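Student:
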DNA sequence: TTGTATGCGTTATCAC
DNA sequence: GTGATAACGCATACAA
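Below is the structure:
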């Protein structure tokens, strides 16, 4: 309701508005004495500069918008944490939006951010080609966008992610080492049949001379957890009855990999004896899982941290020079071996 | 960089700024024809109303600020999800800040929000009496604050949380039922020795005629996971060597309870045979844990949802009438039994 | 060293 | 049915 303004300070102190403004901004034009008087009065009365007004005037809001699929996701929330950490070192603050894996909502989220006047956007796209022209337009004409996690390949901008091929290779090589080549690969279906993780997987198989069997790949709908469970358990049940039983499972995401453990436990399938399990996961309590989970870990904090830093960099650069700064950074994953692949 | 304004539309269409504004706001003063012309032009040119300006003019930002300890926390992120869901049904959007369990940062976060001109604040306080006078001042004079999860008891406002006593009672009664009365209670130390969860626990013990043994209570520093592990495992190790071995563990938070499972697994202590485990937890994949975890589940989504709704309600009410709306809502927890307490 | 005037994008009041 | 103008809070170019 209240919140004192510069104008009121001016009236109270018998000075002009502009003098107050200058005093508060420590301008050389104002005498030390006046400054002191103003600053003291301001502090005493809890003066809070109105950022809306400042932004409106200055043409920049010092706010970064972020769009992720869902806050409520281990992987995402770790990245957000990294972004927040990076933001502490800057003057920028953060507004988070959720796309809920929905292309339209992704666009709505960005629109909301633009109306708020964000200076730049950090986006983990819903899919590899969602809103392509729209994003390009925004990135060119409104404010810079930096992509992280998933890539919208055609968008010309800075991208931060992980080296999937390498991560997948790490996992597969380990499975080969423990002689588990009949691998069921479980992934999400958001990205169509030809997403980069699937492609990397196939390529890795080829490199390692493991034939790709379509029956050993399951794409499930990540939008609904019950559905995930259902799809996975059904698939496993069928495969275990078939002549070519899998002896390993490789999960493409956190949720998939961890849920798979639960399903196997309920089906009383022994891990790793009957089926070894490994997958991308950033759950920070892997030892509490049944059994402790071998994972391909992604440097989430670093992804978030870097993404913000790079965006800030772009913002500090004149628009026409930004293109030169565009880069794609693929961070290395690390493999952590635990009981789920330990014979 | 660009982003067309009302002024530019006016110039392009040979109309006045005010007419454009009215047309865009569907005012009855403007002819349908003109409206159509304006709206079409606006859409065509991706006109985005500048919310900063609107807020500055209107004196309200339609933004709600949220302060939580950490986004990167299962419990918190579920609540945030609930808040976001609730916000979809309103015109408000959300800005999230992290206090990182730090009283000063909590205050800084709120200051940042106030500078941004938020209309109201949703706060999960760092502790039961952090920033009391400050919060009271803000709540009285600047914008309403609604508390959730943890309570700052002295602040007169709406509070949304869970019925801890009842939840703890559920857990203890179950432990009694399976004849596990030698219970190690593990909690956080943020709130001092006399926080409400500890008090509720002691009271429940008394009601159930279980003597309270100070040796069977561990308060650990939730700020650092390695430290948590160290404190818990040391404590368990010592107790298992002593004459009065515990046969159950009750964890006060998500992190504590799940980490305890991991520690027990590594110590090769059998759950539930040697030690049963139950605790507050909202991890949504309890079946993947070792063993599947019995939990006291808190209705996180609902907490968030309600908190936002109640705040919106306050905002829709004249300030001097708000006091009448203040209420404290304690939602019921539910107990979910799984193997970790199943003999 | 201080004050005046102007504008950021929008809406509301009042006049035409 | 439309337009001119002031105001929201702040910063800045310019005047004094």
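Residue numbers (our numbering), protein chains in the order written: chain A, -14 to 328; chain B, -14 to 328. Idealized CB from N, CA, C, for every residue including glycine. Please read these numbers as outputs of a predicted model, since none were measured by experiment.
Where does residue 78 (chain A) sit, in a helix, a strand or coil, going by DSSP?
Tutor: Looking at residue 78 (chain A) - three-state DSSP - the assignment turns out to be strand.
Student: What does the alpha-carbon distance come out to for the pair residue 102 (chain A) and residue 45 (chain A)?
Tutor: Cα to Cα, the separation comes out at about 7 Å.
Student: Can you check DSSP and say which residues form a bridge with residue 51 (chain B)?
Tutor: Paired residue(s): B:81, B:107.
Student: What distance in whole Å lies between the Cβ atoms of residue 71 (chain A) and residue 293 (chain A), which are believed to be in contact at a cut-off of 8 Å?
Tutor: About 4 Å separates the two Cβ atoms, so the contact holds.
Student: Taking the straight line between their C-alpha atoms, what separation do you get for residue 61 (chain A) and residue 7 (chain A)?
Tutor: The alpha-carbon atoms of residue 61 (chain A) and residue 7 (chain A) are separated by roughly 42 Å.
Student: Between the Cα of residue 187 (chain B) and those of B:224, B:140, B:235, spot the shortest distance and give me the residue it belongs to.
Tutor: Cα-wise, what sits closest to residue 187 (chain B) is B:235.
Student: Please look up how many angstroms separate the CB atoms of residue 273 (chain A) and residue 323 (chain B), rounded, as I've assumed it's under 8 Å.
Tutor: That pair is no contact at about 13 Å.
Student: Nearest by alpha-carbon distance to residue 314 (chain B): which of B:148, B:174, B:84 is it?
Tutor: Residue B:148 is the option with its Cα nearest to residue 314 (chain B).
Student: Are the segment 151 to 159 of chain A and the segment 123 to 140 of chain A touching, with three or more C-beta to C-beta distances below 8 Å?
Tutor: Touching, no.
Student: Restricting to Cα atoms, I'd like to know which of B:240, B:260, B:17 is closest to residue 271 (chain B).
Tutor: Closest option to residue 271 (chain B), Cα to Cα, is B:240.
Student: Going by DSSP, what residue range makes up the beta strand (DSSP E) through residue 203 (chain B)?
Tutor: Per DSSP, residue 203 (chain B) belongs to the beta strand (DSSP E) from 202 to 205.
Student: What is the DSSP secondary structure of residue 7 (chain A), counted as helix, strand or coil?
Tutor: Residue 7 (chain A): helix per DSSP, three-state reduction.
Student: Output needed in chain order: residues of the segment 84 to 114 of chain B with a Cβ under 8 Å from some Cβ in chain A.
Tutor: Listed by position along the chain: 96, 97, 99, 100, 101, 102.
Student: Between residue 55 (chain B) and residue 83 (chain B), is the Cβ-Cβ spacing less than 7 Å?
Tutor: Contact flag set, yes.
Student: Can you tell me whether DSSP reads residue -14 (chain A) as helix, strand or coil?
Tutor: With a pLDDT of 48 at residue -14 (chain A), under the threshold of 50, the modelled position of this residue cannot be trusted, and the question is left open.
Student: Return the chain-ordered list of same chain residues with a C-beta closer than 6 Å to the C-beta of residue -14 (chain A), the five sequence neighbours on each side being excluded.
Tutor: Note that residue -14 (chain A) has pLDDT 48, beneath the 50 cutoff, so the model's placement of it is unreliable and the number below is only indicative. If we look at residue -14 (chain A) and ignore the five residues flanking it on each side, it has no Cβ neighbours.
Student: For residue 34 (chain B), go through chain A and note every residue whose CB falls closer than 8 Å to its CB, in chain order.
Tutor: Those are 100, listed as they occur along chain A.
Student: Taking all protein chains shown into account, decide if residue 229 (chain B) is buried (16 or more other Cβ within 10 angstroms of its Cβ) or exposed.
Tutor: Label assigned to residue 229 (chain B): exposed.
Student: On the CB-based measure, 16 or more other CB atoms within 10 Å of its CB, does residue 48 (chain A) come out buried or exposed?
Tutor: So residue 48 (chain A) counts as buried.
Student: Output yes if chain A places a C-beta closer than 7 Å to the C-beta of residue 145 (chain B); else output no.
Tutor: No, residue 145 (chain B) lies away from the interface with chain A (no Cβ there is under 7 Å from its Cβ).
Student: Are the segment -12 to -2 of chain B and the segment 23 to 31 of chain B in contact at 8 Å, needing three or more beta carbon pairs?
Tutor: Yes: the two stretches touch, three or more of their Cβ pairs being nearer than 8 Å.
Student: So which residues of chain A does residue 171 (chain B) contact, with C-beta pairs closer than 9 Å?
Tutor: Going along chain A, no residue has its Cβ under 9 Å from residue 171 (chain B), so there is no contact; the nearest lies around 14 Å.
Student: Starting from residue 144 (chain A), trace the beta strand (DSSP E) both ways and give me its first and last residue.
Tutor: Residues 144 to 147.
Student: Would you tell me roughly how many angstroms separate the C-alpha atoms of residue 162 (chain B) and residue 326 (chain A), rounded to the nearest one?
Tutor: Whole-angstrom Cα-Cα distance: 37 Å.
Student: What residue does the alpha helix (DSSP H) around residue 256 (chain A) start on, and which one ends it?
Tutor: Careful: residue 256 (chain A) lies outside any alpha helix (DSSP H) and carries neither H nor E.
Student: Where do the ends of the beta strand (DSSP E) carrying residue 44 (chain B) lie?
Tutor: Note, residue 44 (chain B): premise wrong, no beta strand (DSSP E); not H, not E.
Student: In or out: residue 12 (chain A) buried (at least 16 other Cβ within 10 Å) or exposed?
Tutor: Residue 12 (chain A) comes out exposed.
Student: To which residues of the same chain is residue 90 (chain A) closer than 7 Å at the C-beta, ignoring the five residues directly before and after it?
Tutor: Same-chain partners within the cutoff: 84.
Student: Given this structure, state the Cα-to-Cα distance separating residue 299 (chain A) from residue 100 (chain B), to the nearest angstrom.
Tutor: When rounded, the distance between both Cα atoms is 25 Å.
Student: By Cβ distance below 7 Å, which residues in the same chain neighbour residue 260 (chain B) in space, the five residues on each side in sequence not counted?
Tutor: Cβ within range, chain order: 231, 232, 233, 234, 249, 254.
Student: Relative to chain A, which residues along the segment 245 to 265 of chain B have a C-beta separation below 7 Å, given in chain order?
Tutor: The residues in question are 246, 247, 250, 251.
Student: So what does residue 132 (chain B) bridge to, in DSSP terms?
Tutor: Residue 132 (chain B) pairs with B:108, B:144.
Student: What are the boundary residues of the beta strand (DSSP E) that residue 233 (chain B) is part of?
Tutor: It spans 233 to 236 - the beta strand (DSSP E) in which residue 233 (chain B) sits, taken as one unbroken run.
Student: The alpha helix (DSSP H) with residue 19 (chain B) in it runs from where to where?
Tutor: Segment 17 to 29, the alpha helix (DSSP H) holding residue 19 (chain B).
Student: If you measure beta-carbon to beta-carbon, which residues of the segment 65 to 86 of chain B are closer than 7 Å to chain A?
Tutor: The segment 65 to 86 of chain B vs chain A, Cβ under 7 Å: 65, 66, 69, 78, 80, 81, 83.
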